[in-house]
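> Chains A and B, in that order, give the protein sequences.
Numbering-wise (the UniProt record's numbering), the first sequence opens with residue 1 and increments by one.
Numbering-wise (the UniProt record's numbering), the second sequence opens with residue 1 and increments by one.
Glycine included, every Cβ here is placed at the ideal spot set by N, Cα and C.
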Amino acid sequence: MNIVTKAVPADLSDRARRAAKVAGEFADAVDREGRFPREGMDALKGERLMSIQVPGELGGEDASMQEIAEVCAILGQACASTAMTYAMHQIQVASIVGYSGDSAWHADFLRRLCDEQVLIASATSEAGIGGNLRNSVCAIEVGGDTVRLEKDATVISYGEMADAILITSRAHKDAPPSDQVSTLFLKGQYTLEHTRDWDTLGMRGTCSDGYIFRGEAPKEQTLPRPFAEIAAESMLAVSHLLWGALWYGIAADAVNRAQSFVRAAARRQPGSTPPGALRLAEASSLLQQVKGNVVAGLRQFEAAKADPDRLSAMSFAVAMNNVKVGTSQTILTIINHCMLINGIIGYKNGTPYSLGRHLRDAHSAQLMISNDRILGNTSTMLLVHKQDTSLIG
Amino acid sequence: MSTAETVREIVAKHGKLPVDVGSIADDGDLYSAGLSSFASVQLMLAIEEEFDIEFPETMLNRGTFASISAIAKAVDTICAEQQAA
Ligand SMILES: Cc1cc2nc3c(=O)[nH]c(=O)nc-3n(C[C@H](O)[C@H](O)[C@H](O)COP(=O)(O)OP(=O)(O)OC[C@H]3O[C@@H](n4cnc5c(N)ncnc54)[C@H](O)[C@@H]3O)c2cc1C
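#1: Using only alpha-carbon positions, find the residue among V147/A, G326/A, P275/A, A306/A that is nearest to V294/A.
#2: On the criterion of 16 or more Cβ atoms from any shown chain inside 10 Å, does L49/A qualify as buried, or is it exposed?
#3: Exposed or buried, N342/A, counting other C-beta atoms within 10 Å across all chains shown (16 or more means buried)?
#4: I want to check one thing, is the minimum distance from the CB of R373/A to the heavy atoms of ligand 1 below 7 Å?
#5: Since L45/B meets chain A, which of its residues come closer than 9 Å, beta carbon to beta carbon?
#6: Does the distance between the C-beta of S122/A and the nearest non-hydrogen atom of ligand 1 fall short of 7 Å?
#7: How would you label V137/A, buried or exposed, when you count the other beta carbons within 10 angstroms and need 16 or more for buried?
#8: What residue ranges within the segment 146-231 of chain A form continuous beta strand (DSSP E) runs of no fewer than 3 residues, ordered along the chain?
#9: Less than 8 Å between CB atoms is the rule here; does E49/B satisfy it with respect to chain A?
#10: Would you mind giving the Cβ-Cβ distance between W247/A and A362/A, rounded to the nearest angstrom? I have them listed as a contact below 8 Å.
#11: Hey, quick one: how far does the alpha helix (DSSP H) through I24/B stretch, first residue to last?
#12: Quick check: L52/A and R17/A, are their CB atoms within less than 8 Å of each other?
#13: Could you have a look at G143/A and say whether DSSP puts it in helix, strand or coil?
#14: Distance, Cα to Cα, L60/B vs A123/A?
#15: Can you confirm whether S312/A, when its beta carbon is compared against all beta carbons of chain B, has any partner nearer than 8 Å?
#16: Using only CA atoms, which one of I331/A, N336/A, D388/A lies nearest to G76/A?
#17: Can you list the residues of chain B that S315/A reaches, using a CB-CB cut of under 8 Å?
#18: Mind pulling the beta strand (DSSP E) runs of 3 or more residues that sit fully within the segment 339-363 of chain A?
#19: Do you know offhand how far V97/A's Cα is from V147/A's?
#20: Is T77/B helix, strand or coil by DSSP?
#21: Looking at the C-beta of D179/A, does it have a partner C-beta in chain B at a distance below 8 Å?
#22: Can you find a C-beta in chain A that's less than 8 Å from the C-beta of S36/B?
#23: Under 8 Å Cβ-Cβ, which residues of chain A neighbour G63/B?
#24: Are there any heavy atoms of ligand 1 lying less than 7 Å away from the beta-carbon of T389/A, as far as the coordinates show?
#25: Going by the C-beta, is N132/A closer than 7 Å to any heavy atom of ligand 1?
#26: Scan the segment 364-382 of chain A for residues whose Cβ lies nearer than 8 Å to a Cβ of chain B and list them as they occur along the chain.
#27: So what's A29/A in DSSP terms, helix, strand or just coil?
#28: Please list, in chain order, all residues of the same chain as A254/A whose beta carbon is under 7 Å from its beta carbon, the five residues on each side excluded.
#29: Distance check for A153/A and M161/A, CA to CA, integer angstroms please.
#30: Please find out if some non-hydrogen atom of ligand 1 comes closer than 7 Å to the beta-carbon of G376/A.
#31: What span of residues does the alpha helix (DSSP H) with I47/B cover, start to end?
#32: Provide the residue span of the beta strand (DSSP E) that contains I120/A, from first to last.
#33: Can you tell me the Cα-Cα spacing of P218/A and T85/A, whole angstroms?
#34: Helix or strand or just coil, what does DSSP make of G130/A?
#35: Output yes or no for whether 8 Å exceeds the beta carbon distance between A121/A and S157/A.
#36: Check this for me: beta carbons of A171/A and A78/A, under 8 Å apart or not?
Next up, the structure:
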């Protein structure tokens with residue numbers, strides 16, 4: 001298969017770069033203070049980038065996953081917390097756009113998303129189940145035309161700043177843990193009782209505190225398709241691809257900083273190659289692997305996206321899991337290389353060569369749905385899945 | 001015993017469902033009955049063993065394991081192809 005990748009329209013990358021510039025200016029402050037990246041997110045809204053995935057007929061721009069991934073990669077180079085907030089929002093938009101069927105309520109919501117550039121948070125994680133998002137303890141109560149839900153959500157990124165939360169639960173009180181639905185609650189329809197602080201090593205600006213969520217909303221706000229389908233066909237793949245894109249961005253900026261360091265050293269002593277140059281070459285090779293991994297995954301997604309059978313195929317799930325595990329591990333090696341190149345000036349905060357924030361942010365990648373859990377799932381699938389040994393496919 | 005009946009027995013044994021398999025119709029949705037992706041792989045392995053078949057890659061998707069009748073249909077298709085070959 002030879003799919004020509006559509007180049008991202010200049011306009012879209014320009015808008016993303018303008019927003020990234022703002023996000024980058026505040027990245028250190030956001031990290032230090034562990035606060036919401038307000039400036040970067042406002043800039044994204046100002047560029048109307050929150051709604052690019054929404055279909056044109058509802059006021060959006062029909063952006064492809066590749067285009068959204070490019071925005072995530074651009075943001076990742078400036079401020080990982082802004083990039084992660086944006087990526088998580090787009091993952092929720094993908095579920096709503098793809099899985100609300102002919103629900104008029106959701107179509108109206110998507111129009112509102114375009115008009116008001118609203119921010120959507122996600123609550124899949126739950127006390128007692130950790131990152132196993134295909135299981136829920138809590139159940140939504142259906143009474144007449146109303147649904148009610150209480151969930152002990154261990155982590156809801158930017159929960160207090162969001163305009164809406166897409167939240168998973170069992171489909172009804174007698175449903176088994178894996179029979180889940182996803183409901184979009186709007187601000188004003190829920191309360192968040194703060195239970196856990198987010199004072200972390202990295203990704204500090206995502207403000208991923210824990211809450212007891214209590215909500216009540218009209219029944220029509222539950223997505224009509226089962227969450228099992230949404231997870232298998234969209235959410236897992238889109239998460240791994242958009243996370244991969246922004247993780248690539250973090251690593252790419254680290255390599256940029258290491259390259260500036262090596263070039264500055266080379267300029268000071270023309271004629272001799274600085275000692276870090278070899279390691280930089282190695283880091284560049286690893287960065288290319290990460291990029292190749294993410295881009296190949298995006299192409300596979302674009303090729304499969306119209307066909308639910310291909311999206312829910314084991315071969316596809318294995319490939320997406322591999323994108324996640326591979327990129328999350330390799331970016332750490334890359335940033336570590338960059339740290340060795342830059343030395344103490346990279347270890348220090350507040351220099352043009354600083355890498356502490358990159359390294360700390362990047363450490364979240366292997367925990368965000370634990371790599372061990374993902375490898376466990378892949379290993380189960382490999383009991384039956386036969387690998388495709390062709391090169392081009 | 002029909003394919004569907006054999007499949008039903010295997011689902012009962014390996015499906016790890018939280019409900020009685022007797023309460024699920026042949027075309028009832030196994031995922032909403034609680035079939036996990038891990039159990040679906042175990043189920044697949046047990047069926048391959050029982051019918052002495054191998055599921056081709058094209059059948060390794062959610063649809064194939066959505067119900068007892070969907071599994072039985074897949075098994076019959078594979079068996080017919082193996083006999084024709
Ligand atoms: C920056 C960031 C933002 C996040 N934002 C959100 C959000 O907005 N909404 C949300 O719902 N969640 C969010 N999460 C949570 C995330 O999606 C996972 O739920 C969480 O990272 C997993 O938490 P855990 O490590 O405690 O749990 P677990 O998944 O239970 O893992 C705990 C440990 O146990 C081991 N383990 C557990 N199960 C297995 C298994 N089956 N196989 C092998 N090993 C296993 C692993 O080694 C793992 O390290 C966020 C996480 C991060 C890092």
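Reading off the structure:
#1: G326/A
#2: buried
#3: Taking a 10 Å sphere around the C-beta of N342/A, we find 16 or more other C-beta atoms and assign the residue as buried.
#4: yes
#5: For a Cβ distance threshold of 9 Å, residue set L383, V384 of chain A lies close to L45/B, ordered along the chain.
#6: yes
#7: Classification for V137/A: exposed.
#8: Here the runs fully enclosed are 146-153, 164-170, 180-186, 190-196, 210-218.
#9: no
#10: 7 Å
#11: Per DSSP, I24/B lies in no alpha helix (DSSP H) segment and is marked neither H nor E.
#12: For the sequence presented, residue 52/A should be read as Ile rather than Leu. Taking 8 Å as the Cβ cut-off, I52/A and R17/A do not qualify as a contacting pair.
#13: strand
#14: Looking at the two C-alpha atoms, the distance is approximately 29 Å.
#15: yes
#16: Considering only I331/A, N336/A, D388/A, the residue with the shortest C-alpha distance to G76/A is I331/A.
#17: E57, L60
#18: If only complete runs of 3 or more residues are kept, the segment 339-363 of chain A shows no beta strand (DSSP E) anywhere.
#19: V97/A and V147/A: Cα-Cα distance of roughly 21 Å.
#20: helix
#21: Output row for D179/A: interface = yes.
#22: yes
#23: Under the 8 Å cutoff, chain A gives P308, D309, S312.
#24: no
#25: Because some heavy atom of ligand 1 lies under 7 Å away, the Cβ of N132/A counts as near it: yes.
#26: Residues are counted here when their Cβ sits less than 8 Å from a Cβ of chain B; for the segment 364-382 of chain A these are N377, T380, M381, given in chain order.
#27: In the structure shown, A29/A falls within a helical segment according to DSSP collapsed to helix, strand and coil.
#28: I334, I335, C338, L355, H358
#29: 16 Å
#30: yes
#31: 37-51 is the extent of the alpha helix (DSSP H) around I47/B.
#32: 120-123
#33: Taking the straight line joining both Cα atoms gives about 27 Å.
#34: The three-state reading of DSSP puts G130/A in strand, counting E and B together.
#35: yes
#36: no
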